[in-house]
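Quick notes on the structure that follows.
Protein chains in written order, with the numbering used here: chain X, 2 to 259; chain D, -3 to 253; chain R, 2 to 268.
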């Protein structure tokens, strides 16, 4: 995952975001000053209370929002708008309803100009990562929420992005499925080592998944906490683990103090 | 500037630009008055029509017919629609009938209306009545029939019956569809009116337009078109939109098809 | 009890032959019509009976007149609709995609929609006379508005996330329009098409009544001049049936199918 040849690091330098809110009639600063370095293959969680700027940050990295100040670079090259180098997984799944699951996953490869047969093959290969190769011919609205989001994740992965941005991807899914998806995500990550930026407001989730947890507050970085937990991580074990509980408590107190 | 005023202003700008383009094109291309009038001639025609009272005569005739036809139609169709809609068997059975006649709404009735009622007020009002009646009845029927039974049961179990049930549950529940029906019906009615006035009478906006055509008085035609547009905009913004805002949007209801 | 049994029989019949549900309600209507004419409640000259209309149908079809008129009407509608669609969908796309275009064009559109199709007839007559061009232009004008409005609505209803998903998968802005916006707007476009055809059909009849030389509308008006009510009624029946059939059995199912397939709800 990633390119494998060169080190693709994501460098966020003093990024800020200000926009004009017509209802408030004034400028609003969503992000004051954030600097962050994400190394190739790292799994970073970004947590914070509502309004801390985490979604705005993700949208800027993804290229959906312009940056007001500072810079975002991938390997010293500034990002320019959205692109296939930064894949996104959405809270709303955002699967194309009129395309089959296979066509959805093969969308990225198709945009790159690959022939249809190859796209279909790639799609099946990635769908098998999550055990969904048998639904390749189905339409998204025929799948459950959990299955749809799995498709959403592999769709982004199938395009070999330098960075995978995940915007509260499991928030729309029930608690049980969420835990399963979290475990699956870590397994995929261990196998393929993409660089992942995972936004969430769920503190235990952020600790469970990540190498580092970054706590944001009011548009600034409050804390950048490494997570020294063994992998593979499994809920049955960790839920009673003292280190896990301690780390979660630490992060939670930071978030609540914000 | 308040928000409403500002958006009204923003709305007007493209129209003002259009006016400028109109005037400029006439001058630049030396357009013959018989092909398209200049703003000045339309304005003059307007003044003339106001001075000799003809414009009021025509507008009054048109609006009168629409008002009478529409009000009678609504007065008949809503109760009818409610009565039919309450009984699922009746509403299922009669639906195709009303859908069929909704298709014929208005204009298709002009030939037979002139045969039955001769030319003039009667025939035209009949066409308008027609245009509104079938559409509103059908929509009322749909609106009432699609009120979920749990809602009606809930009301009944809270002690509502008869008149209360009707006014507190049925009518409000069907209101989005009724208002949509009225809007559509009124649209048909207005169009049917203009068409009918072109052939079946000697007073009214449609007649004014058609007569002017005979004499190539394009300024009168354009004047008439602008007035027709303004009247419909007025009906839409001053009558229909507020009603829709006060009922559908306020109650956050979704229209059921 | 008997009523319930009859009702249950009816439901089972309808389940097997859905067409019965559509046709059955008209039976009592036709019977009532026949009775009213039989007892001469209105003078025969004002309201002929169903048999008279059927006879006229037979005669006119035999003479080829009805089929010719029908063909004329339908062709005009088709041509007008095709032009309206060719202009309307791209325009709707543009308005839906660009806020600037929307702000510039919307008030103008709304105003012209308010003027209505028929009001353009006199000036079109001045410009093009009693010709096919006049009629086609009226239909194009009528069809245009529902299509533009519904298309732009459909475009705007495509969620931002879908746009962004496509962009982050490497699609260029143009490809996003083709791969995401158009399919996403399709249910609304179908609604616009269906509405547009409905209004177009009515506008066609009105135009034929006022200035036609052939077509169903003309047939009705000509018959009225000759005082022959039968043909007027025939025209109305043909009109209603034709549109009802096309709308319910062709257009509505297509609209439903696109909406359903996408898992979206159509109005």
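Each residue gets a CB set at the ideal place from its N, CA and C atoms; glycine is no exception. In this text, all values refer to a predicted model and were calculated from it rather than measured experimentally.
Could you pull the DSSP bridge partners for residue i from this structure?
i, result
"residue 199 (chain X)", "X:46, X:167"
"residue 39 (chain R)", "DSSP lists no partner for residue 39 (chain R)."
"residue 38 (chain X)", "X:12"
"residue 30 (chain X)", "X:19"
"residue 237 (chain X)", "Bridge partners of residue 237 (chain X): none, in fact."
"residue 216 (chain X)", "X:48, X:224"
Along chain R, which residues have their Cβ under 8 Å away from the Cβ of residue i?
i, result
"residue 111 (chain D)", "47, 225, 228, 230, 233"
"residue 83 (chain X)", "165, 168, 169"
"residue 88 (chain X)", "169, 170"
Using the Cα positions of residue i and residue j, report the straight-line distance between them to the nearest angstrom.
i, j, result
"residue 21 (chain R)", "residue 29 (chain R)", "13 Å"
"residue 239 (chain D)", "residue 175 (chain D)", "8 Å"
"residue 244 (chain X)", "residue 160 (chain X)", "36 Å"
"residue 26 (chain D)", "residue 19 (chain D)", "11 Å"
"residue 115 (chain R)", "residue 100 (chain R)", "22 Å"
"residue 252 (chain D)", "residue 185 (chain X)", "Only weak support is given to the placement of residue 252 (chain D): the predicted model assigns it a pLDDT of 40, under 50, and the value that follows is read from those uncertain coordinates. If I take the Cα positions, the gap works out to 42 Å."
"residue 15 (chain X)", "residue 234 (chain D)", "52 Å"
"residue 110 (chain X)", "residue 159 (chain R)", "23 Å"
"residue 266 (chain D)", "residue 29 (chain D)", "For residue 266 (chain D) there is no data in the structure shown, the boundaries of chain D being -3 and 253."
"residue 236 (chain D)", "residue 170 (chain X)", "43 Å"
"residue 191 (chain D)", "residue 117 (chain R)", "10 Å"
"residue 258 (chain R)", "residue 27 (chain R)", "28 Å"
"residue 75 (chain X)", "residue 25 (chain X)", "35 Å"
"residue 112 (chain D)", "residue 43 (chain R)", "10 Å"
"residue 146 (chain R)", "residue 126 (chain R)", "21 Å"
"residue 64 (chain D)", "residue 125 (chain D)", "8 Å"
"residue 282 (chain D)", "residue 131 (chain R)", "Coverage of chain D is limited to positions -3 through 253, which leaves residue 282 (chain D) absent and any answer about it impossible."
"residue 95 (chain D)", "residue 135 (chain D)", "9 Å"
"residue 269 (chain R)", "residue 137 (chain R)", "With chain R represented from 2 up to 268, any question about residue 269 (chain R) goes unanswered, as that position is not in the structure."
"residue 60 (chain X)", "residue 66 (chain X)", "6 Å"
"residue 102 (chain D)", "residue 185 (chain D)", "6 Å"
"residue 243 (chain D)", "residue 169 (chain D)", "10 Å"
"residue 120 (chain X)", "residue 108 (chain X)", "8 Å"
"residue 166 (chain D)", "residue 149 (chain D)", "11 Å"
"residue 200 (chain X)", "residue 184 (chain R)", "30 Å"
"residue 6 (chain R)", "residue 15 (chain R)", "14 Å"
Can you find the residues in the same chain that come closer than 7 Å, C-beta to C-beta, to residue i, ignoring five residues on each side of it along the sequence?
i, result
"residue 214 (chain X)", "46, 48, 207, 208, 226, 228, 252"
"residue 121 (chain R)", "139, 142"
"residue 90 (chain R)", "148, 152, 190"
"residue 86 (chain D)", "80"
"residue 137 (chain X)", "101, 102, 103, 124, 125, 128"
"residue 255 (chain X)", "216, 223, 224"
"residue 120 (chain D)", "61, 189, 192, 193, 196, 197"
"residue 1 (chain R)", "This structure does not reach residue 1 (chain R), given that chain R is present from 2 up to 268, and the question cannot be answered."
Along chain R, in chain order, which residues have C-beta atoms closer than 7 Å to that of residue i?
i, result
"residue 113 (chain X)", "171"
"residue 99 (chain D)", "241, 244, 245"
Give the residues of chain D in contact with residue i, contact being defined as C-beta atoms less than 8 Å apart.
i, result
"residue 118 (chain R)", "187"
Using a Cβ-Cβ cutoff of less than 8 Å, which residues in the same chain neighbour residue i once the five nearest sequence positions on both sides are dropped?
i, result
"residue 133 (chain X)", "102, 148, 151, 152, 155"
"residue 169 (chain R)", "none"
"residue 268 (chain R)", "Reliability of the predicted coordinates at residue 268 (chain R) is poor, the pLDDT of 29 falling under 50, and the value obtained from them is presented with this limitation in mind. Cβ neighbours of residue 268 (chain R) beyond the five flanking positions: 192."
"residue 230 (chain R)", "46, 47, 48, 49, 224"
"residue 201 (chain R)", "78, 81, 82, 85, 140, 143, 144"
"residue 20 (chain X)", "28, 29, 31, 69"
"residue 69 (chain R)", "215"
"residue 63 (chain X)", "83, 87, 89, 166"
"residue 103 (chain R)", "96, 97, 153"
Along chain R, which residues have their Cβ under 9 Å away from the Cβ of residue i?
i, result
"residue 212 (chain D)", "127"
What does residue i reach in chain D if we use C-beta pairs closer than 9 Å?
i, result
"residue 221 (chain R)", "104, 106, 107, 108"
"residue 8 (chain R)", "85"
Skipping 5 residues on each side, what residues in its chain have a beta carbon closer than 6 Å to that of residue i?
i, result
"residue 90 (chain D)", "80"
"residue 73 (chain D)", "129, 132, 133"
Hey, would you say the C-beta of residue i is under 7 Å away from at least one heavy atom of the ligand NAP?
i, result
"residue 183 (chain D)", "With respect to small molecules bound, the structure shown includes none, and the ligand NAP cannot be examined in it."
Taking C-beta pairs closer than 8 Å, name the residues in chain X that residue i reaches, listed in chain order.
i, result
"residue 15 (chain R)", "Going along chain X, no residue has its Cβ under 8 Å from residue 15 (chain R), so there is no contact; the nearest lies around 29 Å."
Along chain X, which residues have their Cβ under 9 Å away from the Cβ of residue i?
i, result
"residue 176 (chain R)", "112"
Which residues of chain D have a Cβ atom closer than 7 Å to the Cβ of residue i, listed in chain order?
i, result
"residue 103 (chain R)", "The premise fails here: residue 103 (chain R) is roughly 10 Å from chain D at the closest Cβ pair, so nothing lies under 7 Å."
Going along chain X in order, which residues have a C-beta closer than 7 Å to the C-beta of residue i?
i, result
"residue 162 (chain R)", "91, 93, 95"
- Whole beta strand (DSSP E) elements within the stretch 55 to 119 of chain X, 3-residue minimum: 70 to 75, 87 to 90
- Item | Secondary structure, alpha helix (DSSP H): runs of 4+ residues fully inside the stretch 164 to 188 of chain R | 174 to 177
- Counting only runs of 4+ residues fully inside the stretch 34 to 90 of chain R, write out the alpha helix (DSSP H) ranges in chain order. 51 to 63
- Give, in chain order, every unbroken run of the beta strand (DSSP E) that is at least 3 residues long and sits entirely within the stretch 16 to 102 of chain D. none
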